[in-house]
Each structure stands twice: as structure tokens, then as C-alpha cells.
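Chains as they are written, first to last, in my numbering: chain H, 170 to 440; chain U, 153 to 485; chain A, 27 to 298. The block underneath contains the structure these notes are about, expressed in C-alpha cells.
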């Protein structure tokens, strides 16, 4: 990189996450008190890519929200980069399933949003923002408005937005759930490429066993509500993973293992 | 001239100049400092108001040191309430409305009465007979809230032994009455003979049947000045001057109705047909209250007693207060 | 070289106008037809002018009394603009307070709804009694009628922000103020403008209602005079001008909307 860019606030590109005995209850108008998570414990090594798979409503999204600091735990502790989480975690970049871009801002302006809100010097980050857009193939769409983009393109923009601040921790909640299968496969490749470059710690939540295995270093399997981690698999596949990986014998075995686990739990059933 | 006389002359001249310079601004101020007075009519401009505009136009108000504004209104009740609230000080409209206001305890009083008989009548198309009150039976009439005859319909029928239940009364907005009458949706309509009738006759070319209510026992006190009691207490001189100038305006109008109509027309932003204006002014001055030997607008106790009797027996007012509260001639003297 | 490629110039103003006309063709055609029918039937049935004047009589009246009509149009317009302006200045902050404070919402809402259900025709005489014949009662009636849709639409617009959007900016470290300015407010703008477009029409109604009760000038006042004088062409002419004023004001708001929220138009104009 050229020497003109002054110090872009050097945040750690990878942070450890410690979840200890976390339980979460919350109250809803319709169902009364919901016991979302029960004694969840897990550690993430810095720079690790971890996925969580589980059935709908098992609490995986809740876990992510707790780690992000946007909602509080009922009991237990969470530590990010060694500090206990007591409010929104500044090292975290979030991508939701809905892209939630601001319609009234251009693509580039959307990507720059975190910089604006944090009050950082835009000049220092503009290049990074453009690079990110370029890396996902949206360089010419800088000045377009979200309304002019397809769903897949918008989600890519929201990923760029999450990455522009060089987050130590990237939290993604079913980011590709609303996209078609082909776009989804492409997005998997894109995410892998970006992560290989930045090596931040990633928590990836998904319904798709295949996606989880393809992307992650480890896959955590969550039970039905109240959610708890029932198994954690190490995924030992060579990186970078590509088209060939999907037909690899080990890949298929990992998927089988997880699937059998869901059958055993009654989450999947053949009868 | 010798020196001393020139000296005297010069000093005298100087003194005169000095004095006039000193008093100049003062007199100019005295002339400029006219008392601002606003008269709020109870209706939009019409020929009936011509005498006041004559007084304005010919400078009678100014001569009394008054800077008078003549403003339009939209209903007697509203104007009276504004006077009672202190937002307005002087109004000009039918005294019968003031009688009702005073009975309700509003601090207003009538300072001069220019029509002892409100020129109210009922009209119908030529093919609908209207020779007397009895003819109202079996007819449809449009009634509106706040319209004078609507309030007086029951008293009128009582006085004339007419069966009210045989008259079909149709409630409508005041502004709709005319159009409903013209499209024959009602058979008879009450009008001010001095104002609305000339307009109707001119526009439609129809000679309507007319029944004057004062010929049938309904004597309502007409055009008058309403004054807030507070204002009357604080500025009696202003009131006197106003009435004096108004009287002059009336006298001129009575002598020359056509000229008065012309002056009225000049002051109307939305023009009225000049012939209609003349008819309105004539009708107004013909019935002006100008008793011999008394100032124009002088009020008789008997008139007020009768009016209150009528209003009381017909239920138009619920309470009868001290006669002194209703009217006063003090400012006409 | 053989023939050069034909140069395509942007369409001239004439062609654009013609295109617009033909686009609106059906609508214009129907309106013209209505006017023609009106003219013909009124004449054929010998309807007197004081019941229903023909369009030609009305147009002539507008032409001959243009000065008078414009004077009074301006008078009413002032009342409308002041009343509407007041609604915006009071209504939008009020809506913000309702969105951000539960307590405020519980107090303000019932009051607003009860005020809304009282016909302003009933309130107008009270206002006149307190404030007299000046411009204030008209401005107040215009304000009272137009401010409810503005408040409601602003509240709805501000509440329409998705949860995830709020979470997102919170995770970036945004406090309440930043969240409001950068997210809630812009998100609410389409809804707010919807409220403004309704509100301006209401303000016109309010001003005229006020004038019917007490006025010395304005189009409502002119209508009263026309009724007293039995000058039905003037009555209709006033209505025509009132309608034109309403349309003009509405379009001004719509134009401002296009300036302020261009992206909204892009979305609604997007074809597949």
C-alpha cells in the first residue's frame, strides 16, 4: 500500500471471545417469558471462523446479539478482547439477514456510515471502502442508491459496511438466507476470500449445514429451545476451499455427522 | 418707520413666528390625534348602511375628531359577543338582538335606534298567495339558526292565531335559504324588505308577493348602535360625537337618497348594482326613526317596553332586566 | 465514409408537451366533455344564471373580476400558509416527542384525537369570539384541521424504522441523537411528506371555514358576498379559484418532496 494513508486506527484484526455460562430469558407480549439460552459456554480463538447451526428459534441469533452487546445477558459473562461486554461492542461489525441499507444514501455513503458515526476521519477510510466495494465487484455502483441494486448486491454492500472499520469481530446472522442458491454460493466464496485477507474472528450463524462446514474452522451445533451447545466439530479441510471442496469425502462426512446429530435430536425426522 | 417702531414690529413678528412654530406642532398633533373608532356592522355591506358611509365620506366623523373604520360582520350574535368580550366596542345592527343579549347578562346597551320597525317581511312567488299570516299554513318555509324571523316565527303565529303545526319548517344554512326559495323547494321566505328584496327583484325580474310583518303585530326594533357598557363609561364624549356625525349622515341621506347610494357604491369593494343600491337606500330612509324635535335615533321608553313584552311573552327572552340596561339616550343629548 | 449515423437530439419542448398531452389525453378529454355537456344542457334547459351559470359565464366572470379574485385569493392563501406553517412547526416536534416518550404519548394522543373529532365549524365561532375578525382565528382553524394528519404521519414514519437498523447504528456507537438524525428522521421523510400533502389540503378547508364564520376578505368571504348579492357566477368563480389554489399548493409540496427525497421517487418509478 502507498505511504500516504496515515494510520487508519489500527484495531486488532482478530479478537478472542469468551462466552461463559450464559443464560438468557426475555419477555414477550404473546408468549410470556421465553427461556432462550441455557448455560451456553464457548471460546473463540482470535482469527477463528466459527459457525453455529441449529433449528429455528433455538437462540443462535440471540447468542449473537448478546455477544454484540446490543442486549444484556440474564446471567453469565461474555468477554470480547478480554473486556466484559456491558454495551455495544465497538470492535464488532454486524451483518443481518436483511441488508438494512439506508435508502437515501449512496452505496459508498452507506459503506462509510460506521466511520461517520464513530467520528473518524473519512479521508483515511475512503480508500478502504472503495477497495472493499471493488473486491465484491461493485466498484461502478458507488454512486448508485440501494433501490437500484439487487438483493445480492445489497447484501454485499452491507458486508463491506461491516468490514470498513476493520472489525476485530465479525458477526453474521444468516446473511445469505434471503438470496438465491447461486448467489449464495458466490457469496460464500467472497466471504472466504475477504476473511482470508483480514483474518478477523468470525461468528457465522446459518441454517445451512453445508454452508457452515464450507466456511468454518469449527461448527457449533445448537439444540432446540432453550438453546445450548450440544456439539462442536473441528473442520479440518484445506484452505482456500473451492468448488472441489464440496465433493471432498471429508466434507461430505462432516455434513453427515451434523445431519445425524439433528436426526438424533428429533430436529429432522424421516417418518 | 422709525427705529423703535421697527423694533416693536420685528419683535412682534418674531414672537408671532415663535408662538406659531411652538403651537404649530401642537395644533397639528391635536388635529392628527383623532380618536380611532371602529364600528362593526352585523352583516356585509348593503344599502342600509349608506347613512354612515355618507358621514364618513363627507368628513362628518373627521370634523368631530374621529377616525372611524366601518367594518363588516357576519351575524348579530357574533358581533354582540365580541362587544361583550371587549374585542369590539361598537356594533351596528338590529336592536332586537341586543335585547336578547342584555337579557342574557351581556354588558352591552343600545345607544341610538334608527329603525323602530325592522323592515322584515315574508315573500312568495306570484303564484303562491300571501295576503295575510293565515296563508302561511300549509306552506314550506326555510328556517336557519340565528336568522331573525326564524326566532320570531312562533311569536308571529301566536299573535296572529296561526297554527304553527300547519307550517312546514325546513332547517337549512342561512346562505341556502335564497337558492332554495328560488328553486321552489320552499314556498315562502323571510327577507329584509330594505335589503334583500331589491336584490331578488332585480336578479330574477319577478314581482313577489310581500307581507310586511310589522303590519301584523310583529314590531321588531331595527337598526341601532350597540355599545359596550365599559366603552360608554370610559369614552362618553367619543360616543356623543359619533352619534352626532351619524345623525348628519342620516339627514343627508334622507334628503338625497340617490347621492347617498352613489357614495355607498364607492365604498364597496365588491360592486353592487347601482339601481339596487338606490332602492335599498330609499327603503332605509323612508322608515328612519327621526321623531320631530328630537335627534335622529332617539328612543322612547314605550318602544322598549313593548319590545320586551313581546319578546317575553313569546319566549324569545327568558329574563327581563332593568329597562335602563337595554338602552340609553344619554349620548344623543 | 458513407452516410453518418443519424444524430438523435433530445426531444424539443414541443414534442415533450405533445407527449404529455397525449399521455393525459383520456383525462383531458373527459374534462372537456363534462364542460361541454354542462354548457349545452344548462342552455338547453334554460337554467337561470342565479341557479347554475354556464362555464362560459364563469370564465367571463373570472376574467372581468380578476383583480378582485386575486386579491381575495392572496388573502386566503396567507391564512392557509400561516396555518399550515404552524402545523408543521408544532406538529413535527410534537410527533417526535410522542415517539420518544411513552408518557407524552399517553397524555397527548387522547387530547389530539378528541380535538380532531370536534368539527372545526363548531370551534370557529369560539375562536372568533376570543380573537375577533383579524387573521388569527382563520390561521388557528387552518392549523387545527391540518395538524392531526401531519402528526400522525410523522409518528408512523418514525416508528417504521426497522429494529435491525437501530441495532446496527447502535453497534456502531450511535447515541439517541445520531440515531434520530441519521436514521429515524430520513426514514420517516416519505411518510412525513404524505402527511404534509394531506395537511395542506386540510389547511385550505380550515381557512375557508374560518372565513365563513368571520372575515373581511378571502375567497370564503367572497362566497358569502356572492350569496347575499345572488351573484352565482361570482360564487362559482370563487370556488374555481379556491380549487386552483389548493392544487397549486399541493403541487408545491410535491415538488419539495421530489427535491428532498429523490430516492423515494426512484424506487417508486423503478420498473423490473
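Quick reminder that beta carbons are idealized off the backbone N, C-alpha and C, glycines included.
Given this structure, state the Cα-to-Cα distance separating residue 47/A from residue 56/A, to the nearest angstrom. 13 Å
Which residue marks the beginning of the beta strand (DSSP E) containing residue 211/H, and which one marks its end? 201-213
C-beta contact flag for residue 463/U and residue 251/U at 8 Å: yes
Does the pairing of the stretch 266-275 of chain U with the stretch 341-350 of chain U give three or more beta-carbon distances under 8 Å? yes
Which one or two residues does DSSP pair with residue 267/U in a beta bridge? 440/U
Is residue 328/H closer than 8 Å to residue 204/A when the C-beta atoms are compared? no
Member of 407/H, 389/H and 413/H whose CA lies at the smallest distance from the CA of residue 428/H: 389/H
Of the choices 226/H, 275/H and 263/H, whose alpha-carbon is the least far from that of residue 236/H? 263/H
Cβ of residue 193/A less than 8 Å from any chain H Cβ? yes
Would you list, in chain order, the members of the stretch 129-158 of chain A that have their beta-carbon closer than 9 Å to a beta-carbon of chain U? 151, 154, 155, 156, 157 and 158
Which of helix, strand or coil does DSSP assign to residue 252/A? helix
Apart from the five residues on each side of it in sequence, which residues of its chain come closer than 8 Å, Cβ to Cβ, to residue 27/A? Because residue 27/A sits at a pLDDT of 47, beneath the cut-off of 50, its placement in the model cannot be relied upon, and the point is left open.
Within chain A, the residues that residue 261/H reaches when beta carbons sit closer than 8 Å: 197
Output needed in chain order: residues of the stretch 315-347 of chain U with a Cβ under 8 Å from some Cβ in chain A. 327, 330, 331, 334 and 335
Chain H partners of residue 200/A, CB-CB under 7 Å? 286
Give every residue of the same chain whose Cβ lies closer than 7 Å to the Cβ of residue 233/H, excluding the five residues on either side of it in the sequence, and list them in chain order. 340, 342, 372 and 374
Just to confirm before moving on: does the CB-CB distance between residue 206/U and residue 242/U stay below 8 Å? no
With DSSP collapsed to three states, give me the class of residue 242/A. coil
Identify the contact partners of residue 76/A in chain U, using a Cβ-Cβ distance below 9 Å as the criterion. 330, 331, 334, 355 and 356
Mapping DSSP to helix, strand and coil, what is residue 182/U? Because residue 182/U carries a pLDDT of 49, less than 50, the predicted location of this residue cannot be relied on, and the following value inherits that uncertainty. If DSSP states are grouped into helix, strand and coil, residue 182/U belongs with the helices.
When the cut-off is 8 Å and only beta carbons count, does residue 255/A lie next to chain U? yes
For a contact meaning CB atoms closer than 8 Å, what does residue 196/U contact in chain A? 250, 251 and 254
Cα-Cα separation, residue 311/U to residue 281/U: 20 Å
Alpha carbon to alpha carbon, how far is residue 260/U from residue 194/U? Give it in angstroms, no decimals. 15 Å
Hey, how far is the Cα of residue 115/A from the Cα of residue 257/A? 39 Å
Residues in its own chain within less than 8 Å of residue 186/U by CB, not counting five upstream and five downstream? 214, 217, 218 and 219
Rounded distance between the beta-carbons of residue 268/A and residue 234/A, thought under 8 Å: 7 Å
Would you report the Cα separation of residue 482/U and residue 450/U, rounded to the nearest angstrom? 10 Å
Is the stretch 81-94 of chain A close to the stretch 221-233 of chain A, with three or more CB pairs under 8 Å? no
Can you tell me whether DSSP reads residue 196/U as helix, strand or coil? coil
DSSP state of residue 362/U, grouped into three classes? strand
Can you pull out the residues from the stretch 221-254 of chain U whose beta carbon lies closer than 9 Å to at least one beta carbon of chain A? 223, 224, 225, 226, 227, 229, 230, 233, 234, 236, 237, 239 and 240
Could you give the DSSP three-state label for residue 254/H: helix, strand or coil? coil
Check whether the stretch 235-255 of chain A touches the stretch 214-225 of chain A, counting contact only when three or more Cβ pairs, one atom from each stretch, lie closer than 8 Å. no
Scan the stretch 330-382 of chain U and note each continuous alpha helix (DSSP H) run of 4 residues or more that stays entirely inside, going in chain order. 348-356
Along the stretch 362-383 of chain U, what residues have a CB closer than 8 Å to any CB found in chain A? none
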